[in-house]
Amino acid sequence: MIYSVPLGKAGDDAPQPSAADVRGQLERILASNSFAASSKCKALFRFLVEETLAGRGDRLKGFTVAVAVFGRDETFDSQTDPVVRLEARRLRRGLDGYYANDGTRDPVRISIPKGAYVPLFGWQDGGDVNGPSAQSPVAPEVVPEPTTDTGLDRAARRSDRARRHILVFGLAAIVLLIAAGGGRWLWTRHLLESAGPATPEPQEHGATIIVLPFEALSDGNEDKYLAAGLSQQLIADLMRFDAFRLYSAAASFRQGAEADTVDLGRSLAVAFVVKGSVRSGGGVVRIGVQLVEATSGRMLWSETFDRKLTPDNLLDVQEDLAKQLAMRLAQPYGVINDAAVAQLHRNPPQSMFAYGCVLRAYTYRATFSRDMYPGARACLEEAVQLDPAYAEAFALLGWLHLDAARYRFVPEADAAAELNEARVFAERAVALAPKQPLSLQAMAAVSFYRGEFDKAEELQREVLALNPNDPEASAQLGWRLAFRGRWDEGLGYLRWAIERCPSPPAWYYTSLAMHAYLQGDYAQALVEAEKAQTTVSGIGLALYAMTQAALGDQAEAKTALDELALRVPYFASDPAAALRIHHIDEPIIERLLDGMRGAGWKKPDTSVSVGGAG
């Protein structure tokens, strides 16, 4: 466990860390490579610690910090210049990263509670290194800051058995409250967070979401239990996705199911609100879920789910529904990202520039459009300059440099340099966020294209362990296994992803089409190839051509090859070389070349004829 109290305040009976202990810990953190922070952030950290040790913690307000650390003058206004809040947030993130890595066994823990700048100093042992458990000194309750690393998030990573036990005890607590006529929810301590700033912070790293408590529409206690448990489980599952910011369970349950979404948008600076209802009857439970735009109150998405319900399967239904909802809402090609892209197109605020670049990159990666590529890459390059601690932007920039190499967006002679740049940016992303799925996924992709297949697989499986509900992570592992000849396992991951993705990208189907073609199941190969035709690599269109030829439609095969020559000329010129870019097994390449020849492909004549002037 971690025991943490403010220095000089009443706390546990155990002696508190001395000033020497704290200064030693400060220097240890500043010298560590796992403390990902800019020079300004480190200066802020030192200033906050030293001022607190000197007994001036009560003076650590935004204005004081801005003037002393960031060189602002007496005209500083935190409403128009969020530098202190932004750097404080990055400092908290850097400390979390440090204590999850090099600081696991350090004797002293330093944390900066949300909503304040006065550090907390306390002892820690090796029993729990997931995050600070410190609570800030007693203060009026204010709105919690959105976070993506709460005790609930950590609880969601435990085993299914442990999670079920937690839920059972949570439901038991609800029963006691209902019986006692209590008007407030009680949650275990690991769900509570320190208070955060009442002034909303800019959402520069993602749209902020709040999940309201689901409403039980019938009178039975079973619906009340399911509504409460489903809300809690959905928050836990959404926290596994890191493309947006999510209010914690504690903050969510301070709101009512009937809370006005527009008021929430103003008071909590949320972009979107997830609402839901539960109604059961006749052995069936119906869950209705909506995504609402907080600024306008406009409903953006709504869906209804029906499940059979018995007293014995309550927790199973809750867990299954929460996973399904989280995937529909939060995957890279899901409802929330689509809504955020549309919102930014209508009103792109400057404070969300970097996040807008990330969304632009996601939009590009849905189709890998050559036309969208230059703008998406330039935007990300500017984003990482403006915010050098934004791991997601670095990860996507790594992906885009990889795309330049593998899809020949640059001359072949420059492909190796692009692949190296991809490695540099992916490594930076992992250094900033060692447990962020997108960072690890970028590093896995780069490793695969560098021929480091074992490393790529290990990293991608780590991504799946962090978020087993992400179809994108499953599909990425699946196609790589398939291309290396591990068809059964690879196609299993791909089919799982397709079943759970509302609108799967074309590349999800490439391996399915390839396998069906190699098995001689040309009818099924055509079904899959028709969905894969638009893949930027050209593989999908090539499979479509050879499948049409195998089915006897030589004219359609020729049309497809002509289109391939226009869209992906390097593939049409040398299919074997193009396929080798993606490390497809050689026996597979030989079979596919036979198929290309059967479709009418011929190796281009590269000889140069010299004629006289005429």
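So the working numbering is basically just the index in the sequence shown, starting at one, shifted up by 1. Glycine residues also receive a C-beta, built at the ideal position from the N, C-alpha and C atoms. The model shown is predicted, which means the values in this text are computed figures rather than measured ones.
- Using a Cβ distance threshold of 9 Å, L403 and E419 count as a contacting pair.
- Boundaries of the alpha helix (DSSP H) around D97: 84 to 100.
- Residue state for G56 is assigned as coil, using DSSP reduced to three classes.
- An exposed status is given to R57, since fewer than 16 other beta-carbon atoms sit within 10 Å of its beta-carbon.
- A423 counts as buried, since no fewer than 16 other beta carbons sit within 10 angstroms of its beta carbon.
- Within the region 230 to 310, complete alpha helix (DSSP H) segments of at least 4 residues are found at 250 to 253, 262 to 269, given in chain order.
- With fewer than 16 other CB atoms across the displayed protein chains lying within 10 angstroms of its CB, V285 is exposed.
- Judged by their CB atoms, V274 and I288 are not nearer to each other than the 9 Å cut-off.
- For S112, the enclosing beta strand (DSSP E) stretches over residues 109 to 112.
- Apart from sequence neighbours up to five positions away, the residues of its chain that approach G63 with a beta-carbon distance below 6 Å are S79, V85, ordered along the chain.
- Selection D489, A600, A446, G283 evaluated against E473 yields A446 as nearest (Cα-Cα).
- A427 is not a Cβ neighbour of A37, given a cutoff of 9 Å.
- Under the three-state reduction of DSSP, E216 is assigned to strand.
- Around the C-beta of S40, fewer than 16 other C-beta atoms lie within 10 Å, and the residue is accordingly described as exposed.
- Shown here, L121 sits in a strand according to DSSP, grouped into three states.
- Per DSSP, the continuous alpha helix (DSSP H) segment holding D489 begins and ends at 488 to 500.
- Within the same chain, Cβ atoms closer than 6 Å to the Cβ of C502 are found at P472, the five residues on either side in sequence being excluded.
- Taking a 10 Å sphere around the C-beta of G257, we find fewer than 16 other C-beta atoms and assign the residue as exposed.
- Cβ-Cβ separation between L513 and L527: approximately 11 Å, too far for a contact (criterion under 8 Å).
- Spanning the alpha carbons of L401 and M515 requires a straight line of approximately 25 Å.
- Beta-bridge analysis with DSSP links I585 to no other residue.
- In the DSSP assignment, V411 falls outside any alpha helix (DSSP H), carrying neither H nor E.
- Boundaries of the alpha helix (DSSP H) harbouring V359: 354 to 368, taken from the DSSP string.
- One Cα belongs to T296, the other to L567, and the distance between them is close to 45 Å.
- Apart from sequence neighbours up to five positions away, the residues of its chain that approach R93 with a beta-carbon distance below 6 Å are I113, ordered along the chain.
- Within the DSSP bridge table, the entry for I210 names L247, F273 as partners.
- Contact check for R110 and G123: beta-carbon distance about 5 Å, within the 8 Å limit, so the pair qualifies.
- The straight-line gap separating the alpha-carbon atoms of R91 and L54 is approximately 22 Å.
- Excluding five sequence positions before and after D103, the CB atoms of its chain that fall closer than 6 Å to its own CB belong to S33, S35, given in chain order.
- As the crow flies, the alpha-carbon of D224 is around 42 Å from that of E458.
- Here A507 is buried, its C-beta having at least 16 other C-beta atoms within 10 Å.
- Y518 and G596 do touch by the CB rule: their CB atoms are close to 7 Å apart, below 8 Å.
- Rounded to the nearest angstrom, the gap between the Cα atoms of L562 and A573 is 8 Å.
- A direct Cα-to-Cα measurement between Y363 and V290 gives close to 25 Å.
- Contact check between the region 580 to 598 and the region 466 to 485: three or more CB pairs, one atom from each, fall below 8 Å, which counts as touching.
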